[in-house]
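Chains as they are written, first to last, in my numbering: chain D, 8 to 220; chain V, 14 to 196.
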């Protein structure tokens, strides 16, 4: 038997900065997103439904809501306009008001502990996303308009993964993996000398991880 | 506030064939403010900010109202040099602020005739301290526009979806160029 210990060395873990943003378009293209500054998940619709029998609560049903997030960026790739329904045609002409397109996104968050500020990182993978531009019309009167970040609300359509509830998000914690697997995994998402970066179905990534273990 | 130095009186001394300056220089302070504008409109009974060309008399009248140094008479003002006029011109046209409004929605429709009383009304509506009537007029206008832009009840502050999208594209393109990045 062991006694619980609080505040042991190395147990204080936190996630810090965001980098390596990648935008995955529905036609298979992947482009780096250097100006991505934050993805702040804000799930909506998660509630609990209490069940009573003869006036006594005996259970609760958790109603799973939708995944949603606030996406912020200082700059965005021109390709992102396509997901907002703005299509580029010849000679610098854009056609606005077209259908919004689904897209995918991946980004890294750094992991730090009280012993190691560079303990590793997590790769967040999001798929089947839709981005609605934020309504930030009042921000433009700030003393320096150049510091205004672009903002979108993103929602997702979950994908089926055998053995799990449908989801639109995978999180890969590299501190729990091997360098070889990390390299292979990143080669899929970021590309390599022989392959292009791509965002496969989430189930394919899950199966890929299973095959390694 | 603007401080200028008006040169002294100049005479031509025929005996020495030289210009001689007498009476010494005079340093005066001026302000292009709501207070000056209000006094001018009281005298001429027309809107100062009408955009119409001012007559010489009206122009001189405004400079007199701009002066806040006591005891400065028209004789002293009549000695103003070209450099003095340029300094006043630069001061009146200066922005006097770092705030920019490039991304605000453009106002449409007929513009209101702006008089001193209208500006005082805006100051009351937005609780701008009375002391601001002595600030540079452009600074006061900037403050009023900021108050207006920050007013969540003002429907004119809302950008349409198309306007917002266009603004975002424009700003993003500018940033991509400045940072030399693709995204």
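Heads up, the beta-carbon is just placed ideally off N, CA and C, and yes, glycines get one too.
Quick one: using the 10 Å Cβ neighbour count with 16 as the cut-off for buried, is residue 74 of chain D buried or exposed? Buried.
Inspect the beta-carbon positions of residue 110 of chain D and residue 93 of chain D and report whether they are closer than 9 angstroms. Going by C-beta atoms, residue 110 of chain D is not nearer than 9 angstroms to residue 93 of chain D.
Of the residues D:46, D:100, D:104 and D:57, which one's Cα is nearest the Cα of residue 223 of chain D? Residue numbering for chain D in the displayed model covers 8 to 220; residue 223 of chain D lies beyond these limits and cannot be assessed.
As a quick exercise: from D:60, D:183, D:219 and D:179, pick the residue whose alpha carbon is nearest that of residue 115 of chain D. Closest option to residue 115 of chain D, Cα to Cα, is D:179.
As a quick exercise: from V:173, V:174 and V:135, pick the residue whose alpha carbon is nearest that of residue 155 of chain V. V:135
CB contact below 9 angstroms: residue 30 of chain D versus chain V: yes
In this structure, how does DSSP classify residue 19 of chain D when only helix, strand and coil are distinguished? If DSSP states are grouped into helix, strand and coil, residue 19 of chain D belongs with coil.
Segments assigned alpha helix (DSSP H), at least 4 residues, entirely inside the region 41 to 127 of chain V: 47 to 57, 69 to 79, 87 to 90 and 95 to 106
Can you check which of these residues, V:82, V:152 and V:143, is closest to residue 43 of chain V by C-alpha distance? V:82
Between the beta-carbon of residue 107 of chain D and the beta-carbon of residue 30 of chain D, is there less than 9 angstroms? Result no, Cβ atoms of residue 107 of chain D and residue 30 of chain D do not sit closer than 9 angstroms.
My output table needs one value for residue 256 of chain D: the three-state DSSP class, helix, strand or coil. Any question about residue 256 of chain D goes unanswered here, given that chain D covers just 8 to 220.
Kindly indicate which residue of V:132, V:160, V:158 and V:38 has the alpha-carbon position closest to the one of residue 147 of chain V. V:132
Where does residue 65 of chain D land, buried or exposed, given buried means 16+ other C-beta within 10 angstroms? exposed
Short CB-CB distance (under 9 angstroms) between residue 38 of chain D and chain V: yes
Bridge partners for residue 31 of chain V per DSSP, in chain order? Answer is V:26.
Beta-carbon spacing of residue 85 of chain D, residue 76 of chain D below 9 angstroms: no
First through last residue of the beta strand (DSSP E) which encompasses residue 39 of chain D: Unbroken beta strand (DSSP E) run through residue 39 of chain D: 37 to 40.
Please report the distance separating the alpha-carbon of residue 184 of chain V from that of residue 81 of chain D. Residue 184 of chain V and residue 81 of chain D: Cα-Cα distance of roughly 10 angstroms.
State the Cα-Cα distance for the pair residue 25 of chain V and residue 97 of chain V, rounded to the nearest angstrom. 22 angstroms
Between the CA atoms of residue 181 of chain D and residue 17 of chain D - distance to the nearest angstrom: 16 angstroms
Euclidean distance between Cα positions of residue 177 of chain V and residue 159 of chain D: 12 angstroms
Could you spell out the range, first to last residue, of the beta strand (DSSP E) harbouring residue 178 of chain D? 176 to 180
Buried versus exposed, by CB contacts within 10 Å (16 or more), residue 79 of chain V: buried
Output yes if chain D places a C-beta closer than 9 angstroms to the C-beta of residue 178 of chain V; else output no. yes
Could you please give me the residues that DSSP links to residue 67 of chain D through a beta bridge? Answer is D:57.
Please go through the same chain and pick out, in chain order, the residues whose beta-carbon is closer than 6 angstroms to the beta-carbon of residue 139 of chain V, but skip the five residues on each side of it. 160
Within its chain, find whatever has a CB closer than 8 angstroms to the CB of residue 58 of chain D; leave out the 5 residues flanking it on each side and keep chain order. 64, 65, 66, 67 and 68
Okay, do the region 188 to 206 of chain D and the region 29 to 44 of chain D touch, 3+ Cβ pairs below 8 angstroms being the bar? yes
Alpha carbon to alpha carbon, what distance is there between residue 194 of chain D and residue 201 of chain D? 9 angstroms
Here's a check: name, in chain order, each residue in its chain whose Cβ is nearer than 7 angstroms to the Cβ of residue 46 of chain V, leaving out the five neighbours to either side. Same-chain partners within the cutoff: 146, 147, 148, 149 and 150.
Sorted by chain position, which residues of the same chain lie with C-beta nearer than 7 angstroms to residue 177 of chain D's C-beta, five sequence neighbours on each side aside? Around residue 177 of chain D: 132, 209 and 212.
Can you list, in chain order, the residues of the region 86 to 120 of chain D whose Cβ is nearer than 8 angstroms to any Cβ on chain V? 86, 87, 88, 91, 93, 101, 103 and 104
9 angstroms Cβ cutoff, residue 82 of chain D in contact with chain V: yes
How would you label residue 13 of chain D, buried or exposed, when you count the other beta carbons within 10 angstroms and need 16 or more for buried? exposed
When the Cα atoms are used, what is the spatial distance from residue 27 of chain D to residue 199 of chain D? 15 angstroms
Counting only Cβ-Cβ distances shorter than 9 angstroms, please list the residues of the region 35 to 60 of chain V near chain D, keeping chain order. none
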